[in-house]
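J.:
Number of protein chains: 2
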Amino acid sequence: MRVLILGGDGYLGWPTAMRFSAGGHEVSVVDNFSRRRWHEKHGTDSLMPIRSLEERIEAWNEISGNQIASYIGAIEDPEFLERVVSETKPEAVVHYGEQPSAPYSMASREQAVETQYTNVIGTLNLLFFLRDHAPECHLVKLGTMGEYGTPNIDIEEGFIEIEHKGRKDTLPFPKLPGSLYHLSKVHDSNNIQFACRVWGLRSTDLNQGVVYGIETDETAQDERLSTRFDYDEWFGTVLNRFCVQAVIGHPLTVYGKGGQTRGFLNIRDTLQCVELAVDNPPDAGEYRVFNQFTESFSVGQLAELVQASAAELGLDVEIEHVDNPRVELEEHYYNPVHTKLLDLGLEPAYLGDELVRSMLKTIESHRDRVIDAAIDPQTQWKPSQEPAGAR
Amino acid sequence: MRVLILGGDGYLGWPTAMRFSAGGHEVSVVDNFSRRRWHEKHGTDSLMPIRSLEERIEAWNEISGNQIASYIGAIEDPEFLERVVSETKPEAVVHYGEQPSAPYSMASREQAVETQYTNVIGTLNLLFFLRDHAPECHLVKLGTMGEYGTPNIDIEEGFIEIEHKGRKDTLPFPKLPGSLYHLSKVHDSNNIQFACRVWGLRSTDLNQGVVYGIETDETAQDERLSTRFDYDEWFGTVLNRFCVQAVIGHPLTVYGKGGQTRGFLNIRDTLQCVELAVDNPPDAGEYRVFNQFTESFSVGQLAELVQASAAELGLDVEIEHVDNPRVELEEHYYNPVHTKLLDLGLEPAYLGDELVRSMLKTIESHRDRVIDAAIDPQTQWKPSQEPAGAR
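As structure tokens, this is what we get:
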């Protein structure tokens, strides 16, 4: 199958590219290296040293014998993206090509605009070019569980049957996104759903939980194939960040009460889920949503898990409740449905002591690369300074 | 009160500016004349001749003795918009400053991107500058009833209480927008709601029905104060377009079966609603939604009303069912709640024969200005040509 991976140089994009390539598919990747640039600008970096895309692709070719084609450019650039879509004629597009950080989107107006522009306009371009050049293609879009927020009812997979004043309809599940980044994903979901309804495109929107982990079967084959591992306040997700904090002797920074509960999954399961989606495409005109996570944890539970796992390795780790930089409920109901991927055959790798210990050991071997100043949260959802124009 | 009107040169923006000015408010208007430019580009024009913004403001000053300040620029331009907000320090912003046409947004990728960029990024800029320079300001945002689409349940005003699996929450009403323009308004609504929740801004989202009518109390005072009146396929709304068709002897073009039902209101009631919203601001942090229309009609009913009214003036008007260029349900349930503005004191001017006859007469006096070629729908929701890359 011809598979086009947008954001193919990223944490998930690169392992996904290798996975599909290993499976015998004809893989092309698109990236504009914005993640690498954002890190440079912010004085941060991946904990695991990573090779350039060119070197990665060469190494993969050497090891697997398979070719991966690359296109360097931005999906916001219509001439570029149209050329990519019309040349590669993809049967499936896996779309990770977005600004993926909530705090990044909240740090300034410029970054908020960059996030919504990149994500919404980039995806809108893609929808038009799929319509015009590859209308049968299956668009597998990475969304996020954060689109839903934390309503006081069970979260369904994309749609909910509502009975109201004696009538019934099945409608898009109402969303309460928690940042301008999460909002960009909601906007995308709405645009994609429309393109399926009106133009007959087909799409799977993967509302993914928080991903953790360092390795996949392919990245483990050679250090040159490593994927990035972020732990900084912008791009590091909570469990990855806690593990780095444990290794360097930094208290685990739990935001507020730590009762915030989210869905989580191992990076290996991300690849499994994306493969299951691609292998089981929706019908033409169908827009479906899978909630892509395997287990729910509160932030406090994760901190305790990391603390306990670290103790087994002789590390004495503190947990610190810091002021929450975000605006979010710190105690809430959370019970999202996530059966559709299980029904397709997902076999989850659940989180446990052993995995956390293995992450801690890998991080230990790169501890000299940790940039301490990158760890504590700086970005406030609510700027605390007095508004410039306060009356 | 200091009132800032975005899109103050438009069909609704200009009459709104005069209304607030007549009410003794300190009014500033912002416009970048994009509506005038889009018409030039498309070879179309307002039926009523309209003056330049400068001439309008001069005429208004001559007639009323009141000053209206103007700022010429785009809200997508952050330097410009920040200067406007920090200089005017508005207590209320009435935001009409968006690309307002569904067919315009569907005509090409470029126009779709322009629409979502202008509307989403422009409004996002505004939210940041209100946060930073006028955090107490009341943002009155023009949304549209088209954000909801036509679900099979009663449409509530912005939020709905959902009971699901034994639990309850009040959540944003699910949306089924019918074009990429309508989607831009949904994206805006979501961004604004977030800014209220997280930054404590206050906003009223007016989900407006389809507006009809030519005159308001202020525009009627002098021909130099006239507001634009569009009848072309992009910017003309259905009743206004039917009236022009009746006058020039063109069949009334009903799309498909004509059972499409929508909320409608007189332009005079738009002004009343916006005034009621401004006079009754929400609390800090509150995001509220009013469904702003006074009556529902199907497209077929409107065609019959125009036909009957025209007959009284001796005009013999045909109704023609043309292929629907849009993708929409042509027969559906429609019962949106619209009580909040009535509760605040709205006194609707209902649609009847007399109003339609008066519109027909005014149009008759400008019939030499009608550009026939602009009337029939050209823009297809689903491009009918074979996709360039069809396999």
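Chains as they are written, first to last, in this note's numbering: chain A, 48 to 438; chain B, 48 to 438.
The C-beta atom is built at its ideal place from N, Cα and C for all residues, glycine as well.
Quick caveat, the model's predicted, so the values are computed rather than measured.
What's the call for A/Gln114, buried or exposed, on a 16-neighbour Cβ count within 10 Å?
T.: exposed
J.: Go ahead and pull the three-state DSSP assignment for B/Asn113.
T.: coil
J.: Helix, strand or coil: which one does DSSP assign to B/Ala139?
T.: strand
J.: Which residue from A/Leu230, A/Gly90 and A/Asp326 puts its Cα closest to that of A/Ser148?
T.: A/Leu230
J.: Can you pull the chain A neighbours of B/Asn338, defined as C-beta to C-beta under 9 Å?
T.: Near B/Asn338 there are no residues of chain A at all, since even the closest Cβ is about 15 Å away, more than 9 Å.
J.: Leaving aside the five residues before and after A/Arg438 along the sequence, list all residues of the same chain whose C-beta is less than 7 Å from its C-beta, in chain order.
T.: Legend: pLDDT at A/Arg438 = 32, less than 50; position of this residue unreliable, value from coordinates given subsequently. Nothing listed; no residue qualifies.
J.: What are the residues that DSSP puts in a beta bridge with B/Lys304?
T.: Note: B/Lys304 sits in no beta bridge, so no partner.
J.: For A/Lys88, does the three-state DSSP call read helix, strand or coil?
T.: helix
J.: Could you check what DSSP says for A/Pro219 in three-state terms: helix, strand or coil?
T.: strand
J.: What residue range is occupied by the uninterrupted alpha helix (DSSP H) comprising A/Ile239?
T.: Leu227 to Trp246
J.: Can you name, in chain order, every residue of its own chain whose Cβ lies under 8 Å from the Cβ of B/Ala350, other than the five neighbours on each side?
T.: Phe289, Leu299, Val301, Gly305 and Ile366
J.: For the candidate residues B/Ile418, B/Leu360, B/Leu376 and B/Tyr380, whose alpha-carbon lies nearest to that of B/Met406?
T.: B/Leu360
J.: By DSSP's criteria, A/Ile119 is part of a beta bridge. Which residues make up the other side?
T.: A/Asp78
J.: By Cβ distance below 6 Å, which residues in the same chain neighbour B/Thr281 in space, the five residues on each side in sequence not counted?
T.: In the sequence as presented, Thr is not what sits at residue 281 of chain B; that position holds Trp. So the qualifying residues of the chain are Ser148, Pro150 and Tyr151.
J.: In three-state DSSP terms, what is B/Gly193?
T.: helix
J.: Where does A/Val336 fall in DSSP's three states?
T.: Three-state result, A/Val336: strand.
J.: Taking A/Thr284 and A/Ile97 to be in contact with their CB atoms under 8 Å, please state how far apart those CB atoms are, rounded to whole angstroms.
T.: Contact doesn't hold; Cβ gap of about 17 Å is too wide.
J.: Which one of A/Val374, A/Ile52, A/Gly225 and A/Val294 has the shortest CA to CA distance from A/Val353?
T.: Closest option to A/Val353, Cα to Cα, is A/Val294.
J.: Sort B/Glu145, B/Arg49, B/Tyr195 and B/Val291 by Cα distance to B/Trp85 and report the nearest one.
T.: B/Glu145
J.: Pick from A/Leu177, A/Phe337, A/His72 and A/Arg249: whose alpha carbon is nearest that of A/Leu202?
T.: The question names Leu, but residue 202 of chain A in the sequence shown is Ile. That would be A/Phe337, whose Cα lies nearest to the Cα of A/Ile202.
J.: Which of the three DSSP states is assigned to A/Glu101 in this structure?
T.: helix
J.: Rounded to the nearest angstrom, how far is the Cβ of A/Ile110 from that of B/Lys215, given a contact under 8 Å?
T.: The Cβ separation is near 55 Å, so there is no contact.
J.: Among B/Val374, B/Gln158, B/Phe276 and B/Asp264, which has the Cα closest to the Cα of B/Gly303?
T.: Answer by Cα proximity: B/Val374.
J.: Which of helix, strand or coil does DSSP assign to A/Ser148?
T.: Annotated three-state conformation of A/Ser148 is coil, per DSSP.
J.: Consider the Cβ of B/Gly54: report whether some Cβ of chain A lies at a distance smaller than 9 Å.
T.: no
J.: If I measure Cβ to Cβ from B/Ile168 and keep anything under 7 Å in the same chain, skipping five residues before and after, which residues do I get?
T.: Correct list, in chain order: Glu123.
J.: Which same chain residues end up closer than 8 Å to B/Gly70 when comparing Cβ atoms and leaving out the 5 residues on each side of it in sequence?
T.: Only Glu322 meet the Cβ criterion.
J.: Can you pull the chain B neighbours of A/Tyr381, defined as C-beta to C-beta under 7 Å?
T.: Residues of chain B passing the Cβ test: none, with the nearest at roughly 12 Å.
J.: DSSP state of A/Asn371, grouped into three classes?
T.: coil
J.: Tell me whether the stretch 124-142 of chain A and the stretch 178-193 of chain A touch, counting them as touching only if at least three CB pairs, one residue from each stretch, are closer than 8 Å.
T.: yes
J.: I'd like the span of the beta strand (DSSP E) that includes A/Ser412, first residue to last.
T.: Taken as a continuous stretch (DSSP letters only), A/Ser412 belongs to no beta strand (DSSP E), as it is neither H nor E.
J.: What did DSSP end up calling B/Glu365 once you bin it into helix, strand or coil?
T.: coil
J.: Tell whether a beta-carbon distance below 9 Å holds between A/Arg315 and A/Ser343.
T.: No, these two residues do not count as a Cβ contact at 9 Å.
J.: As a quick exercise: from A/Leu393, A/Val346 and A/Leu227, pick the residue whose alpha carbon is nearest that of A/Ala326.
T.: Per the sequence shown, the amino acid found at residue 326 of chain A is Asp instead of Ala. Of the listed residues, the one whose Cα sits closest to A/Asp326 is A/Leu393.
J.: In whole angstroms, what separates the C-alpha of A/His297 from that of A/Thr217?
T.: 48 Å
J.: Taking A/His180 as part of the beta strand (DSSP E), name the residues at either end of that continuous run.
T.: Premise fails: A/His180 lies in the alpha helix (DSSP H), Gly169 to His180, not in any beta strand (DSSP E).
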